[in-house]
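Peer 1: Structure in structure tokens, see below.
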Amino acid sequence: MLGLKRLGLLAALVLVGVAPAAAAQAAAQPSTQDTQYLQAVHQVNLFEITAGDLAQQKGQDQGVKDLGAMLKTDHTQLDQTVQQTASQLGVELPNEPSADQQAVIDKLNNASGAEFDRLWVTSELAGHVQAIQATQTEISQGSEQSVVQLAQTALPTLQAHYDELVQLANKLGIPVPQTSASGTPSPGGTGTESPAPGGTGTESPAPGGGTTEAPAPGTTETPAPSVS
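Numbering (my numbering), first residue to last: 12 to 239.
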């Protein structure tokens, strides 16, 4: 009987020790913002890798081919970090682009020549505006440091991509969205023009999901906050 009492006491002590550990683990779970950003940026990367391949295969202008290759390389490298971070935090990532992104891929597959180049550049401009906005939102509103740091690392690359796309659009005579004083994307912006990552199907930052009315990001007007 004494042995049973000791076993019961031991079991109780074990449970007491497990409870705080379980609570700590639950508290360490990434926020909805962090989770949705990881999922959304992963889908952006999946789209960009596919779109980069298409640009190299179907682009008529050499600039489209070259930029497609660069985007594929950069987003492949970015996605390695995204997948590693998601794995460490226990975040499950989607295995395919969003419905909006897939619709753009389908349009690109059906286009050719100058029409392909125009559609590719236009969709990339819109997609990068949305990706930049989502990344700025993560930087200002994210709570998991590893995800915020990922966003801070990704932002200059996304902005550099946008700058390259603007130059290419100007070369090809493709209209570029103009930035207005009130329309410049800012961290934590609200409204449908700056969707939060990982929202419902059409609200996620899907390249090509937006329109050319989306504001163009200013690389000097919205610097990434420094790490505290």
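Beta carbons are placed, not taken as given, at the ideal position from N, Cα and C, and that holds for glycine.
Helix, strand or coil for residue 60? Go by DSSP, reduced to three states.
Peer 2: helix
Peer 1: Span of the alpha helix (DSSP H) holding residue 171?
Peer 2: 156-183
Peer 1: Could you check the C-alpha separation between residue 134 and residue 156 for me, to the nearest Å?
Peer 2: 31 Å
Peer 1: Taking the CB atoms as reference points, tell me whether residue 140 and residue 149 lie closer together than 8 Å.
Peer 2: no
Peer 1: Using the three-state DSSP reduction, which class does residue 38 fall into: helix, strand or coil?
Peer 2: The predicted model places residue 38 with a pLDDT of 48, which falls under 50 and marks its position as unreliable; any figure quoted below should be read in that light. Residue 38 falls in the helix class under three-state DSSP.
Peer 1: Of the residues 55, 40 and 41, which one's Cα is nearest the Cα of residue 146?
Peer 2: 55
Peer 1: According to DSSP, simplified to helix, strand and coil, what is residue 71?
Peer 2: coil
Peer 1: Once the 5 residues before and after residue 87 are set aside, which same chain residues still bring their CB inside 7 Å of it?
Peer 2: 60
Peer 1: Check whether the Cβ atoms of residue 96 and residue 49 lie closer than 8 Å to each other.
Peer 2: yes
Peer 1: Taking the alpha-carbon of residue 85 as reference, which of 58, 121 and 137 has the nearest alpha-carbon?
Peer 2: 58
Peer 1: Out of curiosity, what's the CA-to-CA distance linking residue 188 and residue 102?
Peer 2: 34 Å
Peer 1: Spatial neighbours of residue 65 within its chain, please: C-beta separation below 6 Å, excluding the five flanking residues on both sides.
Peer 2: 119
Peer 1: Where does residue 120 fall in DSSP's three states?
Peer 2: helix
Peer 1: Can you grab the Cα-Cα spacing for the pair residue 105 / residue 90, in whole Å?
Peer 2: 12 Å
Peer 1: Cβ of residue 44 within 8 Å of Cβ of residue 154?
Peer 2: yes
Peer 1: Taking the straight line between their C-alpha atoms, what separation do you get for residue 75 and residue 177?
Peer 2: 12 Å
Peer 1: Only counting runs of 4 or more residues, tell me where the alpha helix (DSSP H) segments fall wholly within the segment 77-148, in order along the chain.
Peer 2: 110-121
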